[in-house]
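Q:
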Amino acid sequence: MVKYSEEIRIKVAIDVLEGGLSENEAARKYGMSHVTVNEWVAAYSKHGAAGLLTKQTYRTFTGEQKQYILEDMHKNRLSYKGAAKKHDVPDRSIRKWERLYQSEGPGGLYIERRGRVASKEPLEGLEENTSNVDELIKENQRLRMEVAYLKKLNALVQEKD
Numbered sequence: 273m274v275k276y277s278e279e280i281r282i283k284v285a286i287d288v289l290e291g292g293l294s295e296n297e298a299a300r301k302y303g304m305s306h307v308t309v310n311e312w313v314a315a316y317s318k319h320g321a322a323g324l325l326t327k328q329t330y331r332t333f334t335g336e337q338k339q340y341i342l343e344d345m346h347k348n349r350l351s352y353k354g355a356a357k358k359h360d361v362p363d364r365s366i367r368k369w370e371r372l373y374q375s376e377g378p379g380g381l382y383i384e385r386r387g388r389v390a391s392k393e394p395l396e397g398l399e400e401n402t403s404n405v406d407e408l409i410k411e412n413q414r415l416r417m418e419v420a421y422l423k424k425l426n427a428l429v430q431e432k433d
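Under the working numbering, read the sequence shown as residues 273 to 433, first letter to last.
1) Quick one: what's got a C-beta closer than 7 Å to residue 339's C-beta in the same chain, skipping five residues either side?
2) Closer than 8 Å by C-beta to residue 299: which residues in its own chain qualify, once you throw out the five before and the five after it? Chain order, please.
3) Distance check for residue 334 and residue 321, CA to CA, integer angstroms please.
4) Ordered along the chain, which non-local residues of its own chain (more than five positions away) have a Cβ less than 7 Å from that of residue 385?
5) Give the secondary structure of residue 360 by DSSP, where H, G and I count as helix, E and B as strand, and everything else as coil.
6) Does DSSP put residue 348 in a helix, in a strand, or in coil?
7) Please report how far the alpha carbon of residue 316 lies from the alpha carbon of residue 285, in whole angstroms.
8) Note the first and the last residue of the continuous alpha helix (DSSP H) segment covering residue 287.
9) Note the first and the last residue of the continuous alpha helix (DSSP H) segment covering residue 384.
10) Mapping DSSP to helix, strand and coil, what is residue 332?
11) Flag this pair as yes or no: are the beta carbons of residue 342 and residue 369 separated by less than 8 Å?
12) How would you write the range of the alpha helix (DSSP H) that residue 317 sits in, first residue to last?
13) Do residue 314 and residue 283 have their CB atoms nearer than 8 Å?
14) Residues in the same chain with beta-carbon distance under 6 Å from residue 402, minus the five sequence neighbours each way, listed in chain order, please.
15) Take the Cβ of residue 281 as the centre, count every other Cβ of all protein chains shown within 10 Å, and call the residue buried at 16 or more, exposed below.
16) Helix, strand or coil for residue 293, going by three-state DSSP, please let me know.
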């Protein structure tokens with residue numbers, strides 16, 4: 273379900289671009305985040321009304337593309353928004369790539385992080401578990417014998433009384 277219709281998106285973008293409202297004023301007027309308004313205005317100014325269609329197409333970027341965008345941003349001293357507009361990428365993605373680049377270096381951009389992480393050794397610690405299981409089985413058998421012995425003893429005591 274889409275939170276805002278295409279008509280409202282277009283109306284907000286036109287109010288900002290042609291109506292003279294600032295992004296913050298439009299956000300207050302329509303009761304939404306100024307970040308949302310900023311994204312709509314950027315999409316409308318770049319692609320027209322087609323940029324505000326509800327059908328989202330998600331693109332994936334290779335490590336080389338991410339690194340190129342970040343290096344271009346640094347070399348040309350672009351802001352996140354400037355780089356996002358230049359390369360037609362959401363600025364949230366560029367911010368995330370920047371954090372990865374700062375913490376892990378360029379190699380961090382090449383790691384696929386979507387989906388579940390497959391364990392490399394699914395049977396890790398199996399020997400420890402089998403010895404623990406064997407001990408538990410032996411203890412369980414001993415306790416069952418003890419309970420059976422006590423039941424018989426109790427029956428004998430009641431028989432004598």
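Backbone N, C-alpha and C define an ideal beta-carbon position, used for all residues, glycine too.
Keep in mind that this is a model prediction, so the values were computed, not measured.
A: Result, derived from the coordinates:
1) To locate residue 339, count along the sequence shown from 1; it is residue 67. The answer, listed in chain order, is 378 and 381.
2) As a working mapping, residue 299 is identified with position 27 in the sequence shown. 305, 306, 308 and 309, listed in sequence order.
3) Position 49 of the sequence shown, counted from the first residue, corresponds to residue 321. Position 62 of the sequence shown, counted from the first residue, corresponds to residue 334. Between residue 321 and residue 334, the C-alpha separation is close to 28 Å.
4) The residue given as residue 385 occupies position 113 in the sequence shown. Answer for residue 385: no residue qualifies.
5) In the sequence shown, residue 360 corresponds to position 88, counting from 1. DSSP places residue 360 in coil when its eight states are reduced to three.
6) In the sequence shown, counting from the first residue as 1, residue 348 sits at position 76. Residue 348 falls in the coil class under three-state DSSP.
7) As a working mapping, residue 316 is identified with position 44 in the sequence shown. As a working mapping, residue 285 is identified with position 13 in the sequence shown. For residue 316 and residue 285, the distance between alpha carbons rounds to 7 Å.
8) Working through the sequence shown from its first residue, we reach residue 287 at position 15. Note, residue 287: alpha helix (DSSP H), 278-289.
9) Here residue 384 corresponds to residue number 112 of the sequence shown, with the count starting at 1. Segment: none, residue 384 is in no alpha helix (DSSP H) and carries neither H nor E.
10) Taking the sequence shown and counting its residues from 1, the one referred to as residue 332 is at position 60. Here residue 332 sits in coil by DSSP.
11) If you number the sequence shown from 1, residue 342 lands on position 70. If you number the sequence shown from 1, residue 369 lands on position 97. Contact: yes.
12) On the sequence shown, residue 317 is found 45 positions in, with the first residue counted as 1. Element bounds for residue 317: 306-319.
13) Working through the sequence shown from its first residue, we reach residue 314 at position 42. Working through the sequence shown from its first residue, we reach residue 283 at position 11. No, they are not a contact pair.
14) As a first step, residue 402 must be located in the sequence shown, where it is residue number 130. If we look at residue 402 and ignore the five residues flanking it on each side, it has no Cβ neighbours.
15) For the purposes of this step, residue 281 is identified with residue 9 of the sequence shown, where counting begins at 1. That one is buried.
16) Counting from 1 along the sequence shown, the entry for residue 293 is found at position 21. Reduced to three states, the DSSP call for residue 293 is coil.
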